[in-house]
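Notes follow once the structure below has been shown.
Protein chains in written order, with the working numbering: chain A, 1 to 230; chain B, 1 to 413.
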């Protein structure tokens with residue numbers, strides 16, 4: 001049995017409502033275990049709860065019920081400051097619309113997580129340059145996001161997710177805003193990262209994208225209805 | 001800290017107009033504070049200069065103009081002949097703590113030589129007793145002052161104020177020269193500098209600009225220009241005391257003495273520099289409180305302006321904040337970022353405000369002719385206040401920013 005990265009049991013998340021009653025139950029008790037090196041695709045229609053689950057897994061949000069252990073550590077009871085540190089060091093995010101800071105250059109965007117990890121400036125820009133070369137953008141380090149194509153921007157975002165070398169990569173429809181060619185490049189990059197042994201959880205509604213993952217978890221109405229691994 | 005500073009600067013640089021506008025309130029507030037304080041400070045310095053010219057240990061008794069109508073004039077003169085040397089001698093005999101006492105007589109000669117240019121009206125011809133001169137704050141530029149024996153022997157000598165020397169001779173090197181007053185030739189024995197500032201009024205009291213004085217012994221002046229009938233001999237008597245704290249009770253004695261000697265006729269007024277200074281300090285204090293309040297309110301308004309715009313900016317930058325949180329910024333990091341920006345804005349406003357304050361002070365001086373003076377304390381005060389304002393008024397927007405949830409990053413697609 002390999003090392004467990006994610007161990008979620010009975011995760012619940014309710015939007016609106018009060019004291020755990022009423023409102024919309026976006027996640028209704030999800031159990032999910034992801035081991036190191038897995039590439040998991042979360043699939044489902046919109047409103048199935050897959051994005052909500054990703055937010056909980058990424059410590060962007062707190063569950064209303066259930067337990068979440070990240071690298072065998074209970075995170076749902078951490079303070080906001082501690083959660084920030086977890087996001088900073090354990091998790092790399094890739095978003096559908098890249099979410100780069102418009103006023104920062106590519107290398108500065110990549111170095112942003114390291115700035116909050118209190119790395120000195122020179123070291124973090126060196127690291128950013130390395131990573132940009134790694135994703136094939138060694139010649140774009142000083143460009144602003146507005147000067148990059150969608151595919152390039154997403155690769156910058158991936159480099160940023162890798163900056164602190166986190167054990168877990170989370171991606172929310174990373175090809176959703178890209179044309180098919182750039183989408184393929186980005187997927188190829190994820191495949192490489194997977195091959196390097198990184199743990200990836202990716203939300204997608206595109207079966208072709210899900211196909212590159214080695215495990216598909218299907219959500220519907222806030223519950224896991226199918227898991228290719230189970 | 002350096003990262004924070006640069007991030008703040010960059011974010012402000014991206015919205016130059018907005019940054020400037022949000023700092024504008026502080027700018028005006030600080031400019032108002034500095035401008036107002038400079039007016040107060042200028043007035044204070046001017047008053048201090050005037051008071052030191054009068055001499056803080058001095059008390060002056062000045063003769064009042066007699067009534068114009070012949071009838072009333074005679075009515076007054078029937079009771080008193082006005083100020084004279086007899087008053088001086090009485091004061092010397094009765095009032096304790098006197099260091100010097102002396103009378104001064106101002107007169108207007110019809111003929112003077114060398115003939116002064118058109119600014120002859122600036123000249124003041126006075127005869128004075130040694131006790132008056134001794135109590136007046138003069139600096140001797142050249143020559144010697146008037147001596148008691150000049151008075152006793154009616155020596156035909158005179159002492160010139162610096163401006164009087166220039167008006168009469170065109171330069172200051174005049175010791176040994178002769179001035180003719182009516183038919184009497186006087187030898188210039190010295191030139192003095194008075195501490196006169198520009199202003200000649202304090203708390204409603206005229207303070208003669210004495211740099212245009214042509215001073216001679218009182219006895220000599222009577223020789224050159226005899227005292228006319230029905231005219232008081234002296235224009236002014238100056239008393240110099242040994243100690244500031246002793247002045248108020250002695251002024252009471254002086255007042256009683258004057259009333260008795262002049263049979264309750266108000267032919268004189270009493271000028272007590274100490275009292276003037278107290279009055280002027282009191283006014284200064286009131287001015288400072290009122291103006292400080294106004295300036296404080298304008299700074300408050302400026303701070304609220306910053307808070308307002310910062311709050312709007314937090315809303316607008318929700319996405320940026322969420323992204324920062326998602327990559328690992330802690331709420332505290334976000335809080336610091338916004339406080340830093342608020343501080344930078346108010347500091348910028350403060351610095352520009354200090355510059356504008358200097359300009360205000362300069363323009364006020366130019367337009368009104370008032371003396372203004374920007375004090376270092378005012379500048380420091382403005383600087384500190386504007387920085388504090390950033391901290392205070394940046395707090396609320398920063399807290400709101402720090403309370404945002406990182407999940408918004410994902411939800412915003």
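By construction, the Cβ of each residue, glycine as well, lies at the ideal position given by its N, Cα and C atoms.
This structure is a prediction, so every number in the text was calculated from the model and none was measured.
Collapsed DSSP secondary structure at residue i in the structure displayed
i: residue 73/A; result: strand
i: residue 18/A; result: strand
i: residue 377/B; result: helix
i: residue 3/A; result: coil
i: residue 166/B; result: helix
i: residue 101/B; result: strand
i: residue 132/B; result: helix
i: residue 20/B; result: helix
i: residue 60/B; result: strand
i: residue 142/B; result: strand
i: residue 158/B; result: strand
i: residue 218/A; result: strand
i: residue 47/A; result: coil
i: residue 124/B; result: strand
i: residue 118/A; result: coil
i: residue 271/B; result: strand
i: residue 197/B; result: Its pLDDT being 49, under 50, residue 197/B is placed unreliably by the model, and the measurement read from it follows with that caveat. Note: residue 197/B maps to coil in three-state DSSP.
i: residue 171/A; result: strand
i: residue 339/B; result: helix
i: residue 213/B; result: strand
i: residue 91/A; result: strand
i: residue 178/B; result: strand
Residue from the options whose Cα sits closest to the Cα of residue i
i: residue 382/B; options: 351/B, 341/B, 4/B, 262/B; result: 351/B
i: residue 361/B; options: 318/B, 347/B, 379/B; result: 379/B
i: residue 32/B; options: 388/B, 400/B, 363/B; result: 363/B
i: residue 158/A; options: 132/A, 148/A, 229/A, 48/A; result: 132/A
i: residue 113/A; options: 85/A, 95/A, 103/A; result: 85/A
i: residue 105/A; options: 332/B, 268/B, 7/B; result: 7/B
i: residue 174/A; options: 10/A, 161/A, 137/A, 60/A; result: 161/A
i: residue 78/A; options: 32/A, 59/A, 181/A; result: 59/A
i: residue 245/B; options: 146/B, 299/B, 57/B; result: 57/B
i: residue 3/A; options: 219/A, 217/A, 199/A; result: 199/A
i: residue 164/A; options: 92/A, 229/A, 150/A, 189/A; result: 92/A
i: residue 81/B; options: 300/B, 89/B, 232/B; result: 232/B
i: residue 329/B; options: 168/A, 179/A, 5/A, 83/A; result: 83/A
i: residue 335/B; options: 291/B, 262/B, 404/B, 386/B; result: 404/B
i: residue 64/B; options: 83/B, 178/B, 146/B; result: 83/B
i: residue 102/B; options: 90/B, 111/B, 109/B, 110/B; result: 90/B
Buried versus exposed call for residue i [16 or more other C-beta atoms within 10 Å across all chains shown]
i: residue 230/B; result: exposed
i: residue 88/A; result: buried
i: residue 146/A; result: exposed
i: residue 286/B; result: exposed
i: residue 171/B; result: exposed
i: residue 107/B; result: buried
i: residue 141/A; result: buried
i: residue 113/B; result: exposed
i: residue 268/B; result: buried
i: residue 16/B; result: exposed
i: residue 216/B; result: buried
i: residue 192/B; result: buried
i: residue 46/B; result: buried
i: residue 372/B; result: buried
i: residue 35/B; result: buried
i: residue 384/B; result: exposed
i: residue 192/A; result: exposed
i: residue 132/B; result: buried
6 Å Cβ shell around residue i - same chain, five flanking residues per side excluded
i: residue 223/A; result: 28
i: residue 153/B; result: none
i: residue 221/A; result: none
i: residue 67/B; result: 73
Contacting residues, own chain, Cβ-Cβ under 8 Å from residue i (five flanking each side not counted)
i: residue 406/B; result: 322, 325, 326
i: residue 400/B; result: 311, 314
i: residue 51/B; result: 202, 273, 276, 277, 280
i: residue 28/B; result: 298, 302, 353, 356
Neighbourhood of residue i by C-beta, 7 Å cutoff - its chain only, sequence neighbours within 5 removed
i: residue 22/B; result: 305, 306, 309, 345
i: residue 63/A; result: 11, 12, 13, 56, 76
task = Inspect the CB distances between the stretch 390-407 of chain B and the stretch 327-342 of chain B and report whether three or more fall short of 8 Å.
result = Taking a cut-off of 8 Å on C-beta distances, the stretch 390-407 of chain B touches the stretch 327-342 of chain B, as three or more cross pairs fall below it.
task = Specify whether the stretch 178-188 of chain B and the stretch 246-266 of chain B touch according to this definition: at least 3 beta carbon pairs, one from each stretch, less than 8 Å apart.
result = Fewer than three Cβ pairs drawn from the stretch 178-188 of chain B and the stretch 246-266 of chain B lie within less than 8 Å of each other, which leaves the two stretches out of contact.
ask   = For the 8 Å Cβ check, are there 3 or more pairs between the stretch 64-72 of chain A and the stretch 116-127 of chain A?
value = Taking 8 Å as the limit for Cβ pairs, the verdict is that the stretch 116-127 of chain A does not touch the stretch 64-72 of chain A.
message = Closer than 8 Å is the cut-off here; do at least three beta carbon pairs connect the stretch 187-206 of chain A with the stretch 124-131 of chain A?
response = Verdict: no, contact absent.
key: Touching by the beta-carbon criterion (3+ pairs, under 8 Å), the stretch 35-49 of chain A and the stretch 94-105 of chain A   = Contact fails: fewer than three Cβ-Cβ distances are below 8 Å.
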